[in-house]
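Numbering (our numbering), first residue to last: 25 to 136.
This report concerns only the one structure given below.
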Amino acid sequence: MSSNIEKMKKGDFLENLNKFSRISSKNMSISFMLYDKSATNKFSIIISSKTIKNATTRNKIKRRCFYAIKQISQKYSNGFLVIFLPKKNITNLKYKDIENEIRQLLITAKII
């Protein structure tokens, strides 16, 4: 398992803004695109302050999501840019539920 996951830079997002596909579930949406098959995957988690007001809660959700991504990182196809967009009701979920939801979205997107 890799020790770090590569985070998406602002330029990666802005260059390819119109090329992303989106899949949604009850607690989260993902936007993704195949970027470069020889490159490693890049991930980003975007939580608006309008969605979740408390910064501490937003950071807690981001940490949980990145940890879940790290736990299942060996199974990814290469070359994807993936943006996770958690919804408001994700604050009620436990870590295991978040991990399962991320896994299901990545399977649906054929990234795993």
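The beta carbon of each residue, even a glycine, is placed where N, CA and C say it ideally should be.
Nothing here was measured: the structure is a model prediction, and the numbers come from that model.
Length of the line joining the Cα atoms of Met25 and Thr80: Unreliable positioning characterises Met25 in this predicted model, as indicated by a pLDDT of 43, which lies under 50. A coordinate reading is not provided.
Cα separation between Glu125 and Met52? For Glu125 and Met52, the distance between alpha carbons rounds to 8 Å.
State yes or no: is the C-beta of Phe108 within less than 8 Å of the C-beta of Ile69? Yes, Cβ-Cβ distance for Phe108 and Ile69 is below 8 Å.
Report all residues from its chain with a CB closer than 8 Å to the CB of Tyr89; omit the five preceding and five following residues, and keep chain order. One point to set straight first is that residue 89 is Cys, not Tyr, in the sequence displayed. Same-chain partners within the cutoff: Ile69, Phe108, Pro110, Ile122 and Ile126.
With C-beta atoms as the reference, is Lys66 less than 8 Å away from Lys31? Yes, the Cβ-Cβ distance between Lys66 and Lys31 is below 8 Å.
DSSP three-state label for Ser48, please. Correct three-state label for Ser48: strand.
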